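In the numbering used here, the protein residues as written are 1 to 85.
Note that beta-carbon positions come from the ideal geometry of N, C-alpha and C, so glycine has one too.
These numbers were taken from a predicted model, which means no experiment stands behind them.
Please read the structure below before turning to the comments.
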Amino acid sequence: QSQEHIVEISALRFSPTSLEVKSGDVVKWVNKDNRRHQLMSISEGGWRSRILRRGDSFVLFVGKTTFYICALHSNMRGAIKVRSD
Numbered sequence: 001q002s003q004e005h006i007v008e009i010s011a012l013r014f015s016p017t018s019l020e021v022k023s024g025d026v027v028k029w030v031n032k033d034n035r036r037h038q039l040m041s042i043s044e045g046g047w048r049s050r051i052l053r054r055g056d057s058f059v060l061f062v063g064k065t066t067f068y069i070c071a072l073h074s075n076m077r078g079a080i081k082v083r084s085d
């Protein structure tokens, strides 16, 4: 059964910065910042969220390890690591 993991966006950072999940789990980012953000994978087979305003969220079904940034604030970086159980 898949599990949902929450990443909060606040103060120009992701919290947590790095997650370890199982393949098929769901990651949900929630923007609690006053700034807009846009998530973008920097891994092969990339993905990109719409622009997230305060209160918006983005959901991703995770199939493989991926590294991502905020396309609007490139110093914001995060990782989702898929463990092989």
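Contact set for residue i: own chain, Cβ-Cβ below 8 Å, skip 5 residues either direction
i	result
Arg-48	Gln-38, Leu-39, Met-40, Ser-41, Ala-71
Ser-57	Lys-28, Trp-29, Val-30, Asn-31
Rounded Cβ spacing between residue i and residue j (contact assumed at less than 8 Å)
i	j	result
Leu-12	Ile-80	The pair is not a contact, with the Cβ atoms about 19 Å apart (cut-off 8 Å).
Val-62	Val-21	5 Å
Run of the beta strand (DSSP E) containing residue i, from where it starts to where it stops
i	result
Ala-87	Any property of residue 87 remains undetermined from this structure, which presents the chain solely from 1 to 85.
Item to complete: At 4 residues or longer, and completely inside the region 3-45: list those alpha helix (DSSP H) runs for me, N to C.
Response: none
Worksheet item: Enumerated in chain order, which unbroken segments of the beta strand (DSSP E) with a length of 3 residues or greater are wholly contained in the region 45-69?
Response: 57-61
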